[in-house]
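**Student:**
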Amino acid sequence: MSNPHKNSVAQLEQVAQLLKSDYSDKELLFDKAIEKLKTPDVVYETELEVTMDDGSSKKFKAFRSQHNNARGPYKGGIRYHQDVSKEEVKALSTWMTWKCAVTGIPYGGGKGGIIVDPKKLSEKELENLSRSYADFLSDKIGPWVDVPAPDVNTTGQIMAWMVDQYQKNLSKKGLIQENPLGTFTGKPLALGGSEGREEATGLGGVMVLERLIEKMGFDYKKNVSIAIQGFGNVGYWFAKHAAERGYNVVAVSDSKGGVYVPEGLNPDKTMECKRANGSVVKCLCNEKLCDMKNGKVITNEEVLELDVDILVPAALENVIHKDNASKVKAKAIIEMANGPITPEADKILSKNNIILVPDVLANAGGVTVSYFEWAQNLQGYYWTRQDVVEKLLPLMENAFSDMWEMKEDHKVDGRMATYMTAVKKVVDTMILRGSI
Ligand code: NAD
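Residues in the sequence shown are numbered from 851 upward in steps of one, following our numbering.
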């Protein structure tokens, strides 16, 4: 199995090769910065001892990787999964450094994880595990140090338990002036969460779509057809915001398959129907609810191969691979899921001139609104949804423009251009600080 951290280092080396010429007067500093960025600043690991419902105790291996904080506190989620590993957490923290730099939010990269299948724990055991992890993290995090958030299998409720445990630990040390709410994001609204967070990732993707469409020269949105794989949080909000702006969302899918409606579907009605029937594939028979007159059921593979303008993978990793990449007919792909395209597929898509907006840019709306949550917690002043939307727009638009400029200047694909802008921002800050 490939080592995700080695992959992230190989990717950084490739980016460095392309950026090198921009640093001809600071070659040594550039090389030192790149060398430092290959390894996280620190990786903590421990075994958490957790009391189970039957009174026994069980151990779980846990990690927190803090990759780089040149641009601000480490930032990144906490993953609960049986496949978590130290190498994965290191890689994910590296990618968080780039993701935060892409939209210019003042954070570095971090990531945490516990090797556990949370579905096998009761609610109380999950709470015990989360509190135990917060104990382990308490002296390593803080609003100006490292700000964790939810990731795979972690929720607002888990953040709430961690805030509570972290605050208890601060109190024990007499640190009552510290800000526990500003130390975690992705919290429920009732505990300092932000308006607009739920829709932020999908909405941010549509903000990017709008700029992309301009660059591609479309002048009438209704002519732009969009197929979306995955109709969960990200896929639904992307579909809803795209349809509301006049785009033609022709296909959506979930784990059971997809629906293709050439004249366009209504995302709200489709979601209502999916909730009522369990899957979008059960919606065609329900015309009253979904109004998909000329639609048909298709497989998840077929969603990826539809003849559309924009393809949006918004479900799983590695769904576009060497065996199906050449069948992709879309003119552009907006990667809303994390890592939906394998490196081999990337090469095929690039050869076929398919424009790519990579995950670290396309789905950065989520972490950007997490930054807004932190900013609100630090001020103790809470914004409306409208405030959040207005503040998100320029950050997503600027990130897209930076990527496009880099793509044109260096004649590279969208993924490489995005990584180049991100790495450049981090390296420039490291050089500015004189820390290398
Ligand atoms: P989700 O669980 O809400 O939705 C996932 C959707 O994918 C569901 O509709 C599910 O039915 C569908 N799905 C599962 N297996 C599938 C398959 N084989 N084929 C097609 N669809 C399938 O998750 P989400 O929060 O929407 O996240 C989706 C992706 O976006 C993930 O890669 C996640 O890491 C990434 N992401 C999410 C956020 C966020 O804010 N939620 C932020 C950044 C990145």
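Note that CB positions come from ideal geometry on N, CA and C, so glycine has one too. Here the structure is a predicted model, which is why all the values come from computation and not from measurement.
1. Note down, one range per segment and in chain order, each beta strand (DSSP E) of at least 3 residues found wholly within the stretch 1074 to 1100.
2. I'd like to confirm the pairing. Which residues does DSSP put opposite N918 in its beta bridges?
3. Nearest to S1220 by alpha carbon, out of S1200, N1203, K1241, E1122?
4. In angstroms with no decimal places, state the Cα-to-Cα distance between S845 and V1013.
5. Would you kindly report the start and end of the unbroken beta strand (DSSP E) that includes A999?
6. Name the residue from S943, L987, V939, D985 whose alpha carbon lies nearest to the alpha carbon of I965.
7. Compute the minimum distance between the beta carbon of V1084 and the heavy atoms of the ligand NAD, and state whether it is under 7 Å.
8. Could you check what DSSP says for T1149 in three-state terms: helix, strand or coil?
9. Buried or exposed: I1191, going by 16 or more other Cβ atoms within 10 Å of its Cβ?
10. Buried or exposed: which applies to T947, given that a residue is buried once 16 or more other Cβ atoms fall within 10 Å of its Cβ?
11. What three-state label does DSSP hand D1287 in the structure shown?
12. Going by beta carbon distance, what residues of the same chain come within less than 7 Å of D903, once the five residues before and after it are set aside?
13. I want to know whether the stretch 1021 to 1041 touches the stretch 1110 to 1124 - three or more CB-CB distances under 8 Å.
14. Pull up the distance between the alpha-carbon of T889 and that of S1075, whole angstroms please.
15. Helix or strand or just coil, what does DSSP make of A1182?
16. DSSP state of E1258, grouped into three classes?
17. Mapping the DSSP letters down to three states, classify D1196 as helix, strand or coil.
18. On the three-state DSSP scale, how would you describe A1272?
19. Excluding five sequence neighbours on each side, which residues of the same chain lie with their C-beta closer than 7 Å to the C-beta of Y1110?
20. Less than 8 Å between the CB atoms is what I'm expecting for T1004 and G1215, so what's the real figure, rounded?
21. Using 10 angstroms around the beta-carbon of P1244, count the other beta-carbons present and answer buried if the total reaches 16, otherwise exposed.
22. Please report the Cβ distance between V900 and L979, rounded to the nearest whole angstrom; I am assuming they are in contact, meaning their Cβ atoms lie under 8 Å.
23. Tell me which residues share the same chain as K936 and place their Cβ nearer than 6 Å to its Cβ, disregarding the 5 neighbours each side in the sequence.
24. Is there contact here, the stretch 951 to 970 with the stretch 1269 to 1279, by at least three beta-carbon pairs under 8 Å?
25. My output table needs one value for I991: the three-state DSSP class, helix, strand or coil.
26. So which of K1132, Y1097, D1104 has the shortest CA-CA distance to N1116?
27. Measuring CA to CA, which of D996, I1063, M1009 is closest to L1206?
28. Would N1188 and D1173 be called neighbours here (beta carbons separated by less than 8 Å)?
29. Is E899 helix, strand or coil when you go by DSSP?
30. Which class does G1006 belong to by DSSP, given the choice of helix, strand or coil?
31. Just to check, is the beta-carbon of N1213 closer than 7 Å to a non-hydrogen atom of the ligand NAD?
32. Which residues in the same chain as V934 place their Cβ atom closer than 6 Å to its Cβ, once the five residues preceding and following it in sequence are excluded?
33. Which residue or residues does DSSP assign as beta-bridge partners of V892?
34. Please determine if the stretch 1021 to 1032 and the stretch 1224 to 1243 are in contact, where contact requires at least 3 C-beta pairs separated by less than 8 Å.
35. Give the secondary structure of Y1221 by DSSP, where H, G and I count as helix, E and B as strand, and everything else as coil.
36. Under 7 Å: does the beta carbon of L1242 sit that close to some heavy atom of the ligand NAD?
**Tutor:** Short version:
1. 1075 to 1079
2. For the purposes of this step, residue 918 is taken as residue 68 along the sequence shown, with counting starting at 1. N918 pairs with G959.
3. Along the sequence shown, one-based indexing puts residue 1220 at 370. The shortest Cα separation from S1220 among S1200, N1203, K1241, E1122 belongs to K1241.
4. Since the first and last residues shown for the chain are 851 and 1286, residue 845 lies out of range.
5. Looking up residue 999 in the sequence shown gives position 149. A999 -> beta strand (DSSP E) spans 996 to 1000.
6. If you number the sequence shown from 1, residue 965 lands on position 115. The candidate whose alpha carbon is nearest that of I965 is V939.
7. Here residue 1084 refers to the residue found at position 234 of the sequence shown. Result yes, Cβ under 7 Å from the ligand NAD.
8. Here residue 1149 refers to the residue found at position 299 of the sequence shown. Coil, per DSSP.
9. Working through the sequence shown from its first residue, we reach residue 1191 at position 341. Answer is buried; the Cβ neighbour count reaches 16.
10. For the purposes of this step, residue 947 is taken as residue 97 along the sequence shown, with counting starting at 1. T947 comes out buried.
11. What the structure shows of the chain is the stretch from 851 to 1286, and residue 1287 is not part of that stretch, so it cannot be assessed.
12. Stepping through the sequence shown from its first residue, residue 903 is reached at position 53. The beta carbon of D903 lies closer than 7 Å to those of S972, K974, E975 in the same chain, with the five residues before and after it left out.
13. no
14. Along the sequence shown, read from residue 1 onward, the residue named residue 889 stands at position 39. Along the sequence shown, read from residue 1 onward, the residue named residue 1075 stands at position 225. For T889 and S1075, the distance between alpha carbons rounds to 42 Å.
15. Numbered from its first residue, the sequence shown carries residue 1182 at position 332. Strand, per DSSP.
16. Counting from 1 along the sequence shown, the entry for residue 1258 is found at position 408. Helix, per DSSP.
17. The residue you call residue 1196 lines up with position 346 of the sequence shown. Looking at D1196 - three-state DSSP - the assignment turns out to be helix.
18. Here residue 1272 corresponds to residue number 422 of the sequence shown, with the count starting at 1. Of the three classes helix, strand and coil, the one that applies to A1272 here is helix, per DSSP.
19. Indexing the sequence shown from 1 puts residue 1110 at position 260. Cβ contact annotation for Y1110 (same chain, cutoff 7 Å, sequence separation greater than five): V1100, A1101, G1145, K1146, I1148, L1156, in chain order.
20. The residue labelled residue 1004 in the question sits at position 154 within the sequence shown. The residue labelled residue 1215 in the question sits at position 365 within the sequence shown. With 8 Å as the limit, T1004 and G1215 do not qualify as a contact, their Cβ atoms being about 19 Å apart.
21. In the sequence shown, counting from the first residue as 1, residue 1244 sits at position 394. Exposed, by the Cβ-count rule.
22. As a working note, residue 900 is residue 50 in the sequence shown. As a working note, residue 979 is residue 129 in the sequence shown. About 5 Å separates the two Cβ atoms, so the contact holds.
23. The count along the sequence shown starts at 1 and reaches residue 936 at position 86. Contacts found: F913.
24. yes
25. By 1-based counting over the sequence shown, the position of residue 991 is 141. Note: I991 maps to coil in three-state DSSP.
26. If you number the sequence shown from 1, residue 1116 lands on position 266. Looking at the Cα atoms, Y1097 is the closest of the given residues.
27. By 1-based counting over the sequence shown, the position of residue 1206 is 356. Among D996, I1063, M1009, the Cα nearest to that of L1206 is on I1063.
28. Counted from its first residue, the sequence shown places residue 1188 at position 338. Counted from its first residue, the sequence shown places residue 1173 at position 323. No. Outside cutoff.
29. Mapped onto the sequence shown, residue 899 falls at position 49. DSSP places E899 in strand when its eight states are reduced to three.
30. Start at 1 with the first residue of the sequence shown, and residue 1006 comes out as number 156. Of the three classes helix, strand and coil, the one that applies to G1006 here is helix, per DSSP.
31. Residue numbering aside, residue 1213 sits at position 363 when the sequence shown is read from its first letter. N1213: yes, Cβ under 7 Å from the ligand NAD.
32. Counting from one through the sequence shown, the residue named residue 934 turns up at place 84. Same-chain partners within the cutoff: G963, I965.
33. Position 42 of the sequence shown, counting from 1, holds the residue named residue 892. In the DSSP output, where bridge partners are listed per residue, V892 has Q916.
34. yes
35. Reading the sequence shown from its first residue, position 371 is the one you call residue 1221. Of the three classes helix, strand and coil, the one that applies to Y1221 here is helix, per DSSP.
36. Counted from its first residue, the sequence shown places residue 1242 at position 392. Flag unset: Cβ of L1242 not near the ligand NAD.
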